[in-house]
Every structure is written in structure tokens, then in C-alpha cells.
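**Q** If you're matching positions, the sequence shown starts at 19 in my numbering and goes up one per residue.
For glycine and all other residues, C-beta sits at the position ideal for the given N, C-alpha and C.
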Amino acid sequence: MTTAALPIFPAAVAGAHTARPRWERPALAGLMIATAALLLWDLGASGYANSFYSAAVQAGSESWKAFFFGSSDAGNSITVDKPPAALWPMMLSVRLFGLGSWQILVPQALMGVATTGVLYASVRRQFGPGAALLSGAAFALTPVAALMFRFNNPDALLTLLLTVTVYCLLRALEGAHTRWLVWAGVAVGFAFLTKTLQAFVILPPLAVLYAVCAPTGLRRRLGQLLLAGGAMVVAGGWWVAVVELWPASSRPYIGGSQNNSFLELTLGYNGLGRINGNETGSVGGGGAGGPGGAGGGGRWGESGIDRLFSGNIGGQISWLLPAALVLLVAGLVITWRARRATDSVDGMARAAFLAWGGSLLITAVVFSYMQGIFHEYYTVALAPFVAALIGMGVAVLWEERGSASAAVTLSGTLALTAIWSYVLLGRATGYLPWLRWAVLVGGLLAAVALPFAGRAGRRMLQATAGLGVAAALAGPFAYCMTTVSTGHTGSIVTAGPAVAGGRGGPGGMMAGPGGAGGFGEMRQGGPGGGQQPGGTPPQGAVPPGQGQGGMPGADGRGAERPGGFPGGMTGGGPGGAGAGGAGGLLNGARVGAEAKAALTADSDAYTWAAAAIGAQNAASYQLASGVPVMPIGGFNGSDPSPTLEQFKEYVRDGKIHWFIGQGGSGAAAGTGEDGGRRGGGGAAGPGGGTSTEIENWVKATFKESTVGGATFYDLTAPTS
């Protein structure tokens, strides 16, 4: 490959900017506007989305201490089980504009737009605007990206920061720039403060790439890497140091840990436990002996090389994944003759393939074989890597299409993509049956015609290429439209329509159209839709004024509604049980006006207006009333916080007004970001059964009353 043969590469990649064609700026503007429109469309339909995090956002908008620590409530009893960086943008938004669905979710959507822009800028530097536009479109139309950049889990910020990391690393490689390498370290550090050790997964291939290929001496390369590592430690470690040094008695309990230690949480449940399945307190730990069968993965589905292509997971991320792998190999073959150093055009092209491809491969391997908790939406971290390889690989093969091998590879990749889209579209029974045939026929026609289209003239070549791109992106586009046409609430959410036979949630059981949901993926729908164990409808917390209005495009059972997109049954809507019931598996309880009035009456006299077992249940009451509600046991009742003696002391000091009971339905195995990680509230979990002890003491000591369908205990009115 030569520079002359590949004019799509900038001629002076190490510094000067190439001239922009006249069509580039309008095309880029169109890409960014379309991405923003996709991510912002009917955003309020998701309500408070994952109420576990929304409650923490509400708390941080009222208390700077809760802001810093990421507390679940403004009384600062306990934190969420992640570091707080992902919450900070949402907290600031709510501080500025008030509490509401849009105020919480718009920062997430803007992160999606920013990720598209960073990806475009990175790919363009080595491969030109055409490749960059294709990469940006491929990313924006990845179904799991359309889901998670409209949701309030930490994965949105994590994905943006991982993309920024690769961009900065490639900028550093262009001329051994220390500044850019340090910025890459800073991005990884803040990614750690977003989702702990997942931020480090892509470090090995990127560090090796810089150590081997940077155009400077070995000693300087190693020194730069050490400096970047120091920047990473500072960017990610300052908060950890403050938390660990802060007296435990004056800060909130570290949610998700059993010893009130963020380091324990990071290295155990949020770290190695995800790999080996030994997650203290998890109800879904992996291992071959678990319900997942001998294949490993336990309750979180069988692990293995095909995990990312199987069941419902395939429809989230794998539409272009086979093509990305083929194009990675093709790009490396074409650029392999380049010098090792990256001070040449071809050298930087190869480095880009190694950076994006290495990040893709190592993340895919970890996701495929991790034995601990795994959910479909984790795969959003792969989306920018896949999209970059698509744009880069197509650009390289397009410029080399005069070669028979390049032409055949390009055509074969297109045919493979069309066939795989046909398979994925067929997994959702009754979902746009005409589309899968159109994709298959159109993709195969374009693949067959592509090697010969150039002989018929430029217009025929462009038409053939356009048909191929349309066929490749039609399937994910349809899934994206279904996703954005449906509200998503709760903890375990997926993009696209319901898929039968999926795996990836506990037990690997997914709800297909008309079928029952397994314990795992639990299809949540709009009003009245979805299932939980035993057939209980999902219970979603609803923002004030949200009501039970239907969500466009879905009736909660995957059926098409007039004016909607078919199959839009993925997130739990506000269709739960009666007001004030116990929190559901995937989300919290519905809160009626009577319960809200009881919580807000004289709430200023108390640190916590109420206490409830499990963070999802407490979050529902806190979001509905706007006053602090203590989540006993944290995430869903198994953390040893507070102890019975601590709780008694709070009651004696008049800090808690109400205890909200389980409504007679028993403890629900609530879930936050990790969907079902611990035993239900009230169960004797790893925390020593403190939730059970507290509940039993309250029942034996205080008067019981029914408030809006829920069981309330007045902690200021003992029975004797």
C-alpha cells in the first residue's frame, strides 16, 4: 500500500491538516444532528429510567456531600455500588434545571453525541472523511448504544471515556507527544471513577502498542508511559484516597461492600469477582456448577466464544461485529509492510487498526468468558471499537478494490453482514419479516455486483456501494427505531424487540413474544406489560406528571400500536402494582398520593423521612416525595448498613419517621445496575441478616398502619 494508492489517508498525518472537501462539513453536521435527534427523541418516555441511580442523582442535587460520595440519599446513609463520576453530570443538570426525566437523561444523550464526534475525529485523521462518516453512522446505529445513551447507567460515560482514550493514544503516537499520552491516562483515570476496573481492560494492547511503535527512543517511550500511568493514578485515585482517609463515622457506608471499604468493592465484587464469578453477596455468581450449566457463566448465561453472537446479546452489538473482525485482519494485512514507527502514513494506519482492534478483541474476550454478572447492555463498550474498524476497513479495501483479493474480501464481508443480519432479524418472531428478506437480497446483490460495478461507470459503482451500506445498516437501524420508540425503566434493559431463546441474564432465559420471562432478562413493557417471577407485573417509579401514559410504539407485550414501531418491548414502563407496594425485581414501587403526603409531612424535622429495605424500593419513595429515604441494606438489603444497634440509635435520636414494610409480599430481590446481584431485602445475606433483624425489631416495637396500600410503621409511636 502506498500513499498514492490511498489518497483517503492524509498526506501529512504527523501534523498538518488536509484540505476538507466541500461536502464534509454539511455531512458531519448532518451526522451529529441525526445522532442527537435519535438519542433525544421522546426521551421523557423512560421516566426515571433506573431509579437506583436517579435517586442518587436527586440526593446529590440537594447535598454536596451526597454529590461527592454518590450517596443514595441526601441523609448520606450509604452510597451506590459504583464510584460517582457517572452521576456527577446528571447531578449538576438536576441542580441547574430541577428534577425530571429530561434533566437526568439529557447529559447521557449528549455523551452519545460527543462519542460520535470523537470517533469521527479519530478515524478522519488517518482515513479521511468518508471513513469517519461511516464509522460515526455505524456507532450511532448500534442498538445498544441507542439504548444506553438514553439511560442513566454508568456505561454511557464509560464508553465516551474509552473512545477518548484511544483517540488520545493515537494522537500521541503521531509524533511521540507526551501531552496526548498524559491525556489518555487522565481519561482512563476518570473511566475508573465511572466503572472501576472495566476501565483498565483496554490498557494492555494500548500500552504495548505505544511501547513498540512510538517514533522515539525506547527510554523516552517507557518514561512517557510511566508519566501517563501517573496521570491515570492521580485522575482516578484522588477520590479513592479521600474516601479511604475520610473517617468512616462521618461519611456514608460504601454500598456493595461488606466491610465499608471502596478498595474491597473495587478489587472484589466490581473487579476480579466479575471475572471468576466469586462475587461476595451475589445471587448470580458464575461457575460451571451454577444454573448456567457446565458451560460456565452460572446464572448469567453460558460463557464462551459465541456469547456475543448468541440469543438476545447478538441483537445488541453483533450486527457488524463479524465484518469488523474480517476488516481488522484485512487492514493489518494491507498495512503490515509499514515500518514499525508511526511517523509514516502507513505506519499510523496500521497503528489505528492495532489500537481499535486490540481494544475490541480484549474487551470481547473478557465479556465472552467472564463468569460473574453479565448483562447485554455491557456490550455498549464494544460499539466504538466495532464502528471504527468498519469505517477504516471499508476505506482501505475500497481504495485497494482494483486488487482481486481486496475486491473479493470487500464483497465477502458485505455478504457475511447481510446473512448475519438476516439471522438476527429472524430471532424476533414476527418482527418486520419483510425487512430480513430485503436485507438479505439487497446485501447479496450488492456483494455480487460490487467487483464488476466499476466497469459500468461511476454512478453504477456508487449505487452499488450505497445499496451495500443500506443493507448493512438496515437491521440495526430498525432495532434502534424500536429502542427509541419505547420507554425503558428498571435495571435490566435491552435494545430492540423481544427475542426468544436469548441468554445473558440469570439462567439464560429470555422472554419471547407471548412467552414467559425467565428470571434473567425479564422483558419489561409499558403499562401492564412484562413479567417477573411468579408473573408479577413490573413496578416502575413514575416521575410526577408522568402518569401511566402509553409509551409510543409498544403496548408492553411487543405488539405494534398505531403510529409506533413494532416489537418495542424492552424497558419496564409504569405499569406496576398498586400504590406503595414492595419494590419489584427490576425497579421500585408505585407511590400513591397518600404515601407521598405522609412522607413529606414534617419531613424537615428528620434526617430521613423514612427507611425501606433495598435501594430500589427506597428510591421510589424518595423520587416521588423528594425527601431522603434510607435504603436499609443498600442495593437490595444485604449490605450490613445500618446495623440493628445503629438503626435503634437513629430512632432514639428522632432521625427517622417511618419504616416502610414489605407490603406482605415478602422481600423482593431488588436490582440496581447489576440486576439481581444479592439476596432480597430481609433475607439473611452476606451482611449477617441485618435487614431482617431491623425489620423484625420494627414490627415488634412500633405501630403498624396502612398508607396508600403500603405498610407503614411510625417510628415515633412505639406500641408500648
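Measure the Cβ-Cβ separation of Val502 and Trp59 and say whether it is below 8 Å.
**A** Position 484 of the sequence shown, counting from 1, holds the residue named residue 502. Position 41 of the sequence shown, counting from 1, holds the residue named residue 59. Yes, Cβ-Cβ distance for Val502 and Trp59 is below 8 Å.
**Q** May I ask which residues mark the beginning and end of the alpha helix (DSSP H) holding Leu178?
**A** Walking along the sequence shown from the start, residue 178 turns up at place 160. From DSSP, the alpha helix (DSSP H) with Leu178 extends over Asp173 to Gly193.
**Q** Give me the Cβ distance between Ala465 and Leu432, rounded to the nearest whole Å; I'm assuming they're in contact under 8 Å.
**A** Position 447 of the sequence shown holds residue 465. Position 414 of the sequence shown holds residue 432. Yes, Ala465 and Leu432 are in contact; Cβ-Cβ is about 4 Å, under 8 Å.
**Q** Compare the C-alpha of Ala629 against each of Gly651, Ala194, Gly610 and Ala619 and name the closest.
**A** Taking the first residue of the sequence shown as 1, we reach residue 629 at position 611. It is Gly651 whose Cα lies nearest to the Cα of Ala629.
**Q** Taking a contact to mean a Cβ-Cβ separation below 8 Å, would you say Ala253 touches Leu243 in this structure?
**A** As a first step, residue 253 must be located in the sequence shown, where it is residue number 235. As a first step, residue 243 must be located in the sequence shown, where it is residue number 225. In this structure, Leu243 does not lie closer than 8 Å to Ala253 by Cβ.
**Q** Just to check my reading of the structure: Ser753 and Leu641 have Cβ atoms closer than 8 Å, yes? What is that Cβ distance to the nearest angstrom?
**A** The requested residue 753 does not occur in the structure, where the chain is confined to residues 19 to 738.
**Q** Pick out whichever of Val725, Pro658 and Leu191 has its Cα sitting closest to the Cα of Ile712.
**A** Within the sequence shown, residue 712 is the residue found at index 694, counting from 1. The option with the nearest alpha carbon to Ile712 is Pro658.
**Q** Could you round the C-beta distance between Leu491 and Leu159 to whole angstroms and report it? I think they count as a contact, below 8 Å.
**A** Here the question's residue 491 lines up with position 473 in the sequence shown. Here the question's residue 159 lines up with position 141 in the sequence shown. Confirmed, Cβ separation roughly 6 Å.
**Q** What is the rounded straight-line gap between the Cα of Val131 and the Cα of Leu178?
**A** To locate residue 131, count along the sequence shown from 1; it is residue 113. To locate residue 178, count along the sequence shown from 1; it is residue 160. If I take the Cα positions, the gap works out to 9 Å.
**Q** Determine the direct distance from the alpha carbon of Gly255 to that of Gly775, and round the result to whole angstroms.
**A** In this structure the chain extends from 19 to 738, so residue 775 is not present and cannot be described.
**Q** Kindly give me the distance between the Cβ atoms of Thr507 and Ala67, rounded to whole angstroms, as I take these residues to be in contact under 8 Å.
**A** Here residue 507 is taken as the residue at index 489 of the sequence shown, counted from 1. Here residue 67 is taken as the residue at index 49 of the sequence shown, counted from 1. Yes, Thr507 and Ala67 are in contact; Cβ-Cβ is about 6 Å, under 8 Å.
**Q** CB-CB under 8 Å to Ala488, same chain, minus the five flanking residues each way: which ones, in chain order?
**A** Working through the sequence shown from its first residue, we reach residue 488 at position 470. Excluding residues within five positions, the ones whose Cβ falls inside 8 Å are Gly460.
**Q** Going by beta carbon distance, what residues of the same chain come within less than 6 Å of Val716, once the five residues before and after it are set aside?
**A** Position 698 of the sequence shown, counted from the start, is the residue given in the question as residue 716. These residues qualify, in order along the chain: Phe677 and Tyr731.
**Q** According to DSSP, is Leu733 helix, strand or coil?
**A** Indexing the sequence shown from 1 puts residue 733 at position 715. Strand, per DSSP.
**Q** Taking all protein chains shown into account, do 16 or more other C-beta atoms lie within 10 angstroms of the C-beta of Asn277, making it buried, or fewer, making it exposed?
**A** On the sequence shown, position 259 is the one that residue 277 refers to. Asn277 is exposed by the Cβ-count criterion.
**Q** Quick one: what's Ala467 bridged to in DSSP?
**A** In the sequence shown, the residue the question calls residue 467 occupies position 449. The partner list for Ala467 (beta bridge, DSSP) is empty, contrary to what the question assumes.
**Q** With a 10 Å radius around its C-beta and 16 neighbouring C-beta atoms as the bar for buried, classify Asp622 as buried or exposed.
**A** Working through the sequence shown from its first residue, we reach residue 622 at position 604. The residue is exposed, with fewer than 16 neighbouring Cβ atoms inside 10 Å.
**Q** Confirm, please, whether the CB-CB distance from Leu152 to Ala369 is below 8 Å.
**A** Here residue 369 corresponds to residue number 351 of the sequence shown, with the count starting at 1. Here residue 152 corresponds to residue number 134 of the sequence shown, with the count starting at 1. 8 Å or more divides the Cβ of Ala369 from the Cβ of Leu152.
**Q** What distance in whole Å lies between the Cβ atoms of Gly65 and Ser140, which are believed to be in contact at a cut-off of 8 Å?
**A** Counted from its first residue, the sequence shown places residue 140 at position 122. Counted from its first residue, the sequence shown places residue 65 at position 47. Between Gly65 and Ser140 the Cβ distance is about 35 Å, and since that is not below 8 Å, they are no contact.
**Q** Buried or exposed, going by whether 16 or more other CB atoms sit within 10 Å of the CB of Trp41?
**A** Walking along the sequence shown from the start, residue 41 turns up at place 23. Flag for Trp41 reads exposed.
**Q** Do Asn171 and Tyr497 have their beta-carbon atoms positioned less than 8 Å apart in this structure?
**A** Taking the sequence shown and counting its residues from 1, one reaches residue 497 at position 479. Taking the sequence shown and counting its residues from 1, one reaches residue 171 at position 153. Result no, Cβ atoms of Tyr497 and Asn171 do not sit closer than 8 Å.
**Q** My parser needs the beta strand (DSSP E) runs of 3 or more residues fully inside the region 108-175; what are they?
**A** Those beta strand (DSSP E) runs which fall completely within the region 108-175 and span 3+ residues do not exist here.
**Q** So, for Pro102: in the same chain, excluding its five sequence neighbours on each side, which residues have a beta-carbon less than 6 Å away from its beta-carbon?
**A** Position 84 of the sequence shown, counted from the first residue, corresponds to residue 102. Cβ within range, chain order: Gly88.
**Q** Starting from the N-terminal side, write out each stretch of the alpha helix (DSSP H) that is 4 residues or longer and does not extend beyond the region 250-296.
**A** 280-285 and 291-294
**Q** Just grab the DSSP bridge partners of Ser89 for me.
**A** The sequence position of residue 89 within the sequence shown is 71, counting from 1. DSSP, once it has assigned bridges, lists Thr97 as partnering Ser89.
**Q** With three or more beta-carbon pairs closer than 8 Å as the criterion, would you say the region 72-86 touches the region 611-627?
**A** no
**Q** Going straight from the alpha carbon of Gly655 to that of Asp99, what length do you get?
**A** As a working mapping, residue 655 is identified with position 637 in the sequence shown. As a working mapping, residue 99 is identified with position 81 in the sequence shown. For the pair Gly655 and Asp99, the Cα-to-Cα distance works out to about 13 Å.
**Q** Assuming Val647 is part of the beta strand (DSSP E), what are its boundary residues?
**A** Residue 647 sits at position 629 when you count from the first residue of the sequence shown. Looking at the DSSP string, the run of the beta strand (DSSP E) that includes Val647 is Val647 to Ile650.
**Q** Going by DSSP, what residues sit across from Val725 in a beta bridge?
**A** Within the sequence shown, residue 725 is the residue found at index 707, counting from 1. Answer is Ala728, bridged to Val725.
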